[in-house]
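Engineer:
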Amino acid sequence: MTLTPSLIGVSITGNRFRAWAYDAVGDVLHTCQSANLRSGPVGPGADQTLAVLDSWRRDFTGACPILVSGARDSQQGGLENHHPRVPFRLEDIGASLHRDQDVLFIPSLVQTTPPDITCGAETSLFGIDQPNGLVCIPDDLTLHFSLETGRVTGFTTELTRVIHGAILARERAVSTGLPEQVFSESVFVEWVERSLDTENAVSAYAVHAALWMQQLAPQHYECALSGLLIGADVAAHYDPGDDVILIADDIDLNRYGLALDALGADVLEFSAEDCLTDGLWEIAELAGLLAD
Numbered sequence: 135m136t137l138t139p140s141l142i143g144v145s146i147t148g149n150r151f152r153a154w155a156y157d158a159v160g161d162v163l164h165t166c167q168s169a170n171l172r173s174g175p176v177g178p179g180a181d182q183t184l185a186v187l188d189s190w191r192r193d194f195t196g197a198c199p200i201l202v203s204g205a206r207d208s209q210q211g212g213l214e215n216h217h218p219r220v221p222f223r224l225e226d227i228g229a230s231l232h233r234d235q236d237v238l239f240i241p242s243l244v245q246t247t248p249p250d251i252t253c254g255a256e257t258s259l260f261g262i263d264q265p266n267g268l269v270c271i272p273d274d275l276t277l278h279f280s281l282e283t284g285r286v287t288g289f290t291t292e293l294t295r296v297i298h299g300a301i302l303a304r305e306r307a308v309s310t311g312l313p314e315q316v317f318s319e320s321v322f323v324e325w326v327e328r329s330l331d332t333e334n335a336v337s338a339y340a341v342h343a344a345l346w347m348q349q350l351a352p353q354h355y356e357c358a359l360s361g362l363l364i365g366a367d368v369a370a371h372y373d374p375g376d377d378v379i380l381i382a383d384d385i386d387l388n389r390y391g392l393a394l395d396a397l398g399a400d401v402l403e404f405s406a407e408d409c410l411t412d413g414l415w416e417i418a419e420l421a422g423l424l425a426d
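Quick note: the sequence shown uses my numbering, first residue 135, plus one each step.
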């Protein structure tokens, strides 16, 4: 099958590489994924991006723009020149794209106080068509954004999943016979609520202690730990009654949705993949990359 795409959009998150070929109206024609991308400390540049795309593009005809989100290309240089600082108006993103060979890179947004960088999560903001709001994007890193009249006014990155994985790995190493884990909504919400009670919040070690004291079923260890950490994440950034835009899929959608519901927030849900693919297309339009 021969395809003539108008745009190739790419997302690079850690070692995960995903690409989408779009038709003339922004619908996805074809996808490509790689879970074992290898790159240096600054992330893959144009050469590696093109190499990964090479075999996939053999069925394509014609040339089209290639737009990459999430990579920190070694050619981008210092933050002063290539990374917009918040507050930042989203519609100005086109002027900040960085070209390397035939590839255009979307710069991450940076924040100086406190220091932070969006690492590609900013692309999803272009897929929600919401100029105002509090936005939660859970992934390998969880990003919390504040939007006001189309401007990113601030954001925070949390290591919730990283911490969860590290603690779970330690527990498996020190606990003999930790069984296959089973998700229980009631257990998850119970431990979320422990973190939402910020005046009496417990540490993550409480999950281990509850397991040791037989207050927690061994098969619910991961579930309880997840609830405690996600509850703490949510409690740190939102208040009861807040309107929160949640950009997530699958497990993240379920668990962060439950935590926000337990908090008493009003949640507007968007698909993470849809926001990412729509966001890449919207940025290409804002940058004038698409043929009329």
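Just so you know, even glycine gets a beta-carbon here, dropped at the ideal spot from N, CA and C.
No experiment lies behind these values; they were computed from the predicted model shown.
Within 10 Å of its beta-carbon, does Ala-153 have 16 or more other beta-carbons around it, so buried, or fewer, so exposed?
Structural biologist: The sequence position of residue 153 within the sequence shown is 19, counting from 1. Buried is the call here.
Engineer: Compare the C-alpha of Leu-268 against each of His-217, Gly-228 and Phe-289 and name the closest.
Structural biologist: Along the sequence shown, one-based indexing puts residue 268 at 134. For the residues His-217, Gly-228 and Phe-289, the minimum Cα distance to Leu-268 belongs to Phe-289.
Engineer: Determine, using beta carbons only, whether Asp-412 and Gly-160 come nearer to each other than 9 Å.
Structural biologist: As a working note, residue 412 is residue 278 in the sequence shown. As a working note, residue 160 is residue 26 in the sequence shown. Result yes, Cβ atoms of Asp-412 and Gly-160 sit closer than 9 Å.
Engineer: Would you mind reading off the limits of the alpha helix (DSSP H) that contains Ile-297?
Structural biologist: The residue you call residue 297 lines up with position 163 of the sequence shown. Element bounds for Ile-297: 294 to 308.
Engineer: Rounded C-beta distance between Val-202 and Phe-239? I'm assuming under 8 Å.
Structural biologist: The count along the sequence shown starts at 1 and reaches residue 202 at position 68. The count along the sequence shown starts at 1 and reaches residue 239 at position 105. The pair is a contact, with the Cβ atoms about 5 Å apart (cut-off 8 Å).
Engineer: Which word fits Ile-472, buried or exposed, when buried means at least 16 other C-beta atoms lie within 10 angstroms of its C-beta?
Structural biologist: Because the chain here runs from 135 to 426, residue 472 falls outside it and cannot be looked at.
Engineer: Taking only runs of the alpha helix (DSSP H) that begin and end inside the stretch 324 to 401, which ones reach a length of at least 4 residues, in chain order?
Structural biologist: As far as the stretch 324 to 401 is concerned, its whole alpha helix (DSSP H) runs of at least 4 residues are 339 to 346, 355 to 371 and 384 to 397.
Engineer: Throw me the rounded Cβ distance for the Thr-195 and Thr-136 pair, which I believe falls under 8 Å.
Structural biologist: On the sequence shown, position 61 is the one that residue 195 refers to. On the sequence shown, position 2 is the one that residue 136 refers to. Contact flag correct, Cβ pair sits at about 6 Å.
Engineer: Distance, Cα to Cα, Arg-295 vs Ala-393?
Structural biologist: Reading the sequence shown from its first residue, position 161 is the one you call residue 295. Reading the sequence shown from its first residue, position 259 is the one you call residue 393. The alpha-carbon atoms of Arg-295 and Ala-393 are separated by roughly 15 Å.
Engineer: Could you round the C-beta distance between Ala-358 and Val-321 to whole angstroms and report it? I think they count as a contact, below 8 Å.
Structural biologist: As a first step, residue 358 is located in the sequence shown; it is residue number 224 there, counting from the start. As a first step, residue 321 is located in the sequence shown; it is residue number 187 there, counting from the start. Contact holds; Cβ gap of about 6 Å.
Engineer: Going along the chain, which residues of its own chain have a beta-carbon closer than 8 Å to the beta-carbon of Arg-111, five neighbours each way excluded?
Structural biologist: Only positions 135 to 426 of the chain appear in the structure, and residue 111 is not among them; the question remains open.
Engineer: Look up Ser-168 in the DSSP assignment and give the residues it is bridged to.
Structural biologist: What you label residue 168 is simply residue 34 of the sequence shown in a count that begins at 1. BP columns for Ser-168 point to Phe-151.
Engineer: For the candidate residues Ser-140, Glu-225, Gly-148 and Ala-185, whose alpha-carbon lies nearest to that of Leu-420?
Structural biologist: Here residue 420 is taken as the residue at index 286 of the sequence shown, counted from 1. The residue with the shortest Cα to Cα distance from Leu-420 is Glu-225.
Engineer: Quick check on DSSP: helix, strand or coil for His-278?
Structural biologist: Residue 278 sits at position 144 when you count from the first residue of the sequence shown. The answer is strand: DSSP assigns His-278 an E or B state.
Engineer: Below 9 Å between beta carbons: does that hold for Ile-251 and Leu-259?
Structural biologist: The residue given as residue 251 occupies position 117 in the sequence shown. The residue given as residue 259 occupies position 125 in the sequence shown. No; because the gap between Cβ atoms is not below 9 Å, this pair is not in contact.
Engineer: Assign Pro-248 to one of two classes, buried (16 or more other C-beta atoms within 10 Å of its C-beta) or exposed (fewer than that).
Structural biologist: Numbered from 1 along the sequence shown, position 114 holds the residue referred to as residue 248. Flag for Pro-248 reads exposed.
Engineer: Evaluate Thr-138 with the Cβ neighbour count: other Cβ atoms within 10 Å of its Cβ, from every protein chain shown; 16 or more gives buried, anything less gives exposed.
Structural biologist: Indexing the sequence shown from 1 puts residue 138 at position 4. Thr-138 comes out exposed.
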